[in-house]
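Chains as they are written, first to last, in this note's numbering: chain A, 476 to 844; chain B, 32 to 168; chain C, 2 to 358. Where is the CB? At the ideal position from N, CA and C, for every residue including glycine. Here's the structure, in structure tokens; my notes come after.
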Amino acid sequence: MNIEVRDRSEAPVVALLPTAIADCDIHHSPKDLKRIYPYLERRWQQHIAEYGLIPRQAYQAGPAYAKGQPDASRRDAWPPSGGRPGSDLAFMAEHHLDPNNIELGVLNMIRPHPGAFPNLDLSAAVCRALNEWQIAEWTQKDRRLKASILVPYEDGPAAVSEIERCAGHPDFVQVLLLTRTVEPMGQRRYWPIYEAAASASLPVGVHAFGFGGSPPSGGGWPSYYIEDMVGHAQSAQNALTSMVIEGIFERLANFRLVLIETGFAWLPALCWRLDNIWAKLKSETPHLKRPPSEYIRDRVWLTTQPMEEPEVRKHLFDIVDWIGWDKLLFASDYPHWDYDEPARALPLAIDPAQRTKLFIGNAKAVYRI
Amino acid sequence: MSKHVVFPLKDLPPGNRKVVNIGGRPIVIFNINGEVFALLDRCPHQGGQLSYGQLTGLVEASEPGKYCYSRPGEILRCPWHGWEFDVRTGKSWCDPSRIRTKSYNVAIEPGSKLVEGPYIAEVFRVTVEEDYIVVEA
Amino acid sequence: MNVASLGGIDCDIHPALPALRSLLPYLDDHWRDAVIQRGVHELNSIAYPDNAPITARTDFRSSGGRPGSDLDLLRAHTLDHFGSKAAICNCLYGVQLLFSEDMASAFARALNTWIAREWLDREPRLRASIIVPLQSPERAVDEIEHWARDQRFVQVLLPAMADLPYGRRTYWPIYAAAERHRLPIGIHAGSSYRHPVTAGVGWPSYYTEDYAAQAVGFQSQLTSLVCEGVFSKFPNLRVVLMESGCSWLPAHLWRLTKYWRSLRMEIPWVDRSPTEIVRSNVRLTLQPIDTPGEEELLKTIDHIGTDGLLLFSTDYPHWQFDGDEILPAELGADLIRKITVDNPLETYSRIKETLSS
């Protein structure tokens, strides 16, 4: 019998997935911020050297919730050549894209997403630089990858400029916001962004995280990182409620929304609740012509990660049946630690038609690939 | 199951780990302060390679706020979702009765014992002067 | 369904204070004078705008009085109508929303006294939650100790959201007192608005969003109570979520338990699965039933993994159902009995004891 011995330092062994899939949430990042300087005015390079990238949170380095693992990443995702997880395209291809047979990978830049910076001019400048950089260094170099347009989302007009500048490029498949905005994202200050995205026939992707300045719970500041993490499902529910109730879907006939990294099992209960409440409080929102769940059914998609894990595995498919098999987009969240492995994330086998939709068909339809 | 002489002990100093593949099964072997442990190198959750995980101690609490740290280096956290496994038994900490990764019997055997057989040594010659890692898998 | 024969325990009704002046007889000289001298306004929360549709069902509004303020009507509309053996009064007059702890303490005492004198003393089927001044946990404990001897007070009432998440140790003296006196902690929909009512996305524009956000607020609170170890420290404490809905619960438990498996070392005092903890220590009142039909409700209960968590409620006079459609008859007699009688009696030992005597 052959025994193969290897040290831990050697490249990990991964098996090849037989069918091609789409991964609708991959996180790339510059090795260090200087990589984007070729696309950033000197004035902003100077600013960053003096002041850094100041967020709406206590620490320069990040939130006051210490994470569970370094850089909130899988421990095996650190590139052997150096740099943080997600910063090395060649390693990402070898470690994740190739073995998982990823035909379409949607890159969502959240480290950083400058849309969350309170300095709006800085936000606009860094968004622009990152957008240029990610096309030059990622999507043009690996044609499986598509990118999301970063916008200074707290500044409507500036965000519109960036959308209009970027929208023509075929490597961009959506406009990217983060869930925890300063005000609920359905409010008027954000409407120009949605109008511009809809004009360009691009969906808006809203990814978990961000920092709008209010506590991640309506009852105040939690103590623990686990609460912050679990709380993204709550934030997503409020953000989606705002989008529906403020009437964006009624206002813009072709506006589409993708919720990213918020999980999905919470959706049916929210739809039922919104329908129930709207039925009673209709007089408050005469601009809404249809029940909330219908807008959601028609115009909202969700990525699957982090997939909820019921004790009784088939319960998850009750949820998917309620949501619709055409509404979910598989995502891994590579290289983060709460990653969903394409070959193992689903709790039970599904039929080929469902599999095709979930793993690639829905993504290609939503992103018009 | 049979016993396999996988490599000399000197190839696995304390604080290190090595992965062997026996009959298609990846098995990670740890040397923790001179004691050796062997686990299936696959997390039962989504298949992450445990050999990439951190060895840490056991964190418990007698009551909220009172962290208690013991058994340094004996808890393996999966490099993906951080599930904790006791290296001695392979059992998970959150649900020991239902969630575990397989643990294998592993021992340090002197060459003098091994030259007599019937253990299987692959690829290298066993000498009486050295100690070897022997995994039953 | 013949609702008059339900014979259950109604775990959430809302007798209403007609107006602030109704509290004056129960305030001391200083506060009575302050109310008048300073022109203190009504303390009705934005959580239930007076004339908004959910605040009161049309047929529960009579000409003149505030819905829920008339005992005879309350008897007719809910106690007699649904054949309830007992009903728990959760008075939502917003004394807990004041910033001053002194004022909140005084007004809480007055409100609890008003409830005891004008409701509990007059109708033997009624029970009540003790309204406590959260602004000061010490004084909240005083309020609990003051009323605990009166077995008709069966719970401690908290609004859905306050200054800190409810798991935080600041509030633990309240839980200690409640556990000591076998009083569940009842958390009722309606924020105290110290923070935007949403989970980190700011103040919404519409009341519709606010009402929807209450369920989300409950999710955050449940996370906090579990993660901070409230049920490790107070294993006999029960928490009842009121007017929260229940259809969100399974997905929330799946997510919370998934993350606990990964991050257990951050909160090692949570030594068993959050799903197990919630099944043993948390209950939810029935209204509003957000599921569209009995199939979804039955599936939700199946997903929760136990039928022991739901507690019958009418939520009178809020508008949650039409006519007598209080719960689907298709649930079956056994489950209906569990929800209307068994689960409430198991949760409220004080009610169990006083009903049988």
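### Query
Tell me, which residues are paired with Tyr135/B by DSSP?
Per DSSP, the beta-bridge partners of Tyr135/B are Ala69/B.
### Task
Go ahead and label Ile305/C buried or exposed: buried means 16 or more other beta carbons lie within 10 angstroms of its beta carbon, across all protein chains shown.
Answer is buried; the Cβ neighbour count reaches 16.
### Query
Would Pro251/C be called buried (16 or more neighbouring beta carbons within 10 Å of its own) or exposed?
Per the 10 Å Cβ criterion, buried.
### Message
Looking only at its chain, what residues have a beta carbon closer than 6 Å to the beta carbon of Ile278/C, apart from the 5 residues adjacent to it on each side?
### Response
Once the five neighbours on either side are set aside, the close Cβ partners of Ile278/C are Val227, Phe232.
### Query
Where does Ile529/A fall in DSSP's three states?
The DSSP-derived three-state label of Ile529/A is coil.
### Query
Beta-carbon separation of Thr286/C and Leu312/C under 7 Å?
Contact flag set, yes.
### Message
Give me, in chain order, the residues of the same chain whose beta-carbon lies closer than 8 Å to that of Gly88/B; leave out the 5 immediate sequence neighbours on both sides.
### Response
Tyr100, Ser101, Arg102, Pro103, Gly104, Glu105, Ile106, listed in sequence order.
### Query
Cα-Cα, which of Gln38/C, Glu43/C, Glu124/C is closest to Ser85/C?
Considering only alpha carbons, the answer is Glu124/C.
### Task
Check the Cβ-Cβ distances between Lys234/C and every residue of chain B, and say whether any is below 7 Å.
Yes, Lys234/C counts as interfacial toward chain B.
### Message
Less than 7 Å between the beta carbons of Leu734/A and Thr209/C, yes or no?
### Response
No, the pair does not count as a contact, with Cβ atoms beyond the cut-off.
### Query
Which same chain residues, not among the five before or five after Ile302/C, have their C-beta less than 6 Å away from its C-beta?
Hits under 6 Å: Asp308.
### Query
Listing by chain order, which chain B residues have their CB less than 9 Å from the CB of Asp563/A?
Under the 9 Å cutoff, chain B gives no residues; its nearest Cβ is about 17 Å from Asp563/A.
#### Entry: Neighbour list for Trp812/A in chain B, Cβ cutoff strictly below 7 Å
One finds Trp111, His112, Gly113 in chain B with Cβ atoms closer than 7 Å to the Cβ of Trp812/A, taken in chain order.
### Query
Per DSSP, Glu167/B forms a beta bridge with which residues?
Looking at the DSSP assignment, Glu167/B forms a beta bridge with Lys34/B, Asn136/B.
### Message
By DSSP's criteria, Lys852/A is part of a beta bridge. Which residues make up the other side?
### Response
Outside the modelled stretch of chain A, which goes from 476 to 844, sits residue 852/A, for which no answer is possible.
### Task
Quick one: grab the DSSP three-state call for Ala497/A.
The answer is strand: DSSP assigns Ala497/A an E or B state.
### Query
Looking only at its own chain, which residues have a Cβ that is under 7 Å from the Cβ of Gln85/B, when we skip the five neighbours before and after it?
Excluding sequence positions up to five before and after Gln85/B, its CB lies within less than 7 Å of the CB of Arg108, all in the same chain and listed in chain order.
### Query
So, Gly580/A versus Arg549/A, is the Cβ gap smaller than 7 Å?
Not closer than 7 Å, so no.
### chain B contacts made by the region 819 to 830 of chain A, where a contact means CB separation under 8 Å
Result list: Arg819, Ala820.
### Task
Scan the region 150 to 170 of chain C for residues whose Cβ lies nearer than 8 Å to a Cβ of chain A and list them as they occur along the chain.
Within the region 150 to 170 of chain C, the qualifying residues are Ala161, Met162, Ala163, Asp164, Leu165, Pro166, Tyr167, Gly168, Arg169.
### Task
Name, please, each residue of chain C whose Cβ falls closer than 7 Å to the Cβ of Leu749/A.
Neighbourhood of Leu749/A in chain C, by CB distance below 7 Å: Ala213, in chain order.
### Message
List, in chain order, every chain A residue whose beta-carbon is nearer than 8 Å to that of Phe38/B.
### Response
Per Cβ cutoff of 8 Å: Val480.
### Message
Can you find the residues in the same chain that come closer than 7 Å, C-beta to C-beta, to Arg607/A, ignoring five residues on each side of it along the sequence?
### Response
The sequence as given places Glu at residue 607/A; Arg does not occur at that position. Within the same chain, and ignoring the five residues on either side of Glu607/A in sequence, the residues whose Cβ sits closer than 7 Å to its Cβ are Tyr514.
### Start and end residues, alpha helix (DSSP H) containing Lys12/B
Nothing in the structure corresponds to residue 12/B, since chain B is present only between 32 and 168.
### Message
the ligand GTP and Glu569/A: does any heavy atom of the ligand fall closer than 6 Å to the residue's C-beta?
### Response
No copy of the ligand GTP occurs in the structure displayed, which carries no ligand at all.
### Message
Any beta carbon of chain A sitting closer than 7 Å to that of Gly46/B?
### Response
For Gly46/B, the answer is no, since every Cβ of chain A falls outside 7 Å of its Cβ.
### CA-to-CA distance, Ala568/A to Pro555/A, given in whole angstroms
The C-alpha of Pro555/A lies about 13 Å from the C-alpha of Ala568/A.
### Query
Are three or more beta carbon pairs between the region 798 to 809 of chain A and the region 760 to 780 of chain A nearer than 8 Å?
Note that the region 798 to 809 of chain A touches the region 760 to 780 of chain A; at least 3 beta-carbon pairs, one per stretch, sit closer than 8 Å.
### Task
Assess, as a yes-or-no matter, whether the region 689 to 706 of chain A is touched by the region 719 to 729 of chain A under the definition of 3 or more beta carbon pairs within less than 8 Å.
Under the Cβ criterion (8 Å, minimum of three pairs), the region 719 to 729 of chain A does not count as touching the region 689 to 706 of chain A.
### Message
By the three-class DSSP mapping on this structure, what secondary structure does Arg48/B have?
### Response
Reduced to three states, the DSSP call for Arg48/B is strand.
### Task
Have a look at Ala711/A and Thr737/A and give me their C-alpha separation to the nearest angstrom.
Roughly 6 Å separates the two Cα atoms.
### Query
For Arg128/C, which residues does DSSP report across the bridge?
Beta-bridge pairing links Arg128/C to Ile89/C.
### Query
Which two residues bound the contiguous alpha helix (DSSP H) that contains Ile37/C?
For Ile37/C, the enclosing alpha helix (DSSP H) begins and ends at 30 to 39.
### Query
Taking any Cβ of chain A, which residues in the region 75 to 89 of chain B have a Cβ under 9 Å from it, in chain order?
So the list reads His76, Gln77, Gly78, Gly79, Gln80, Ser82, Tyr83, Gly84, Gln85, given in the order they occur along the chain.
### Message
To the nearest angstrom, how far is the alpha carbon of Val626/A from that of Gly590/A?
### Response
Using only the alpha carbons, I get a separation of about 6 Å.
### Query
When we look at the beta-carbon of Met32/B and count the other beta-carbons within 10 Å, is it buried (16 or more) or exposed?
Note on Met32/B: under 16 other CB atoms within 10 angstroms of its CB, so exposed under the neighbour-count rule.
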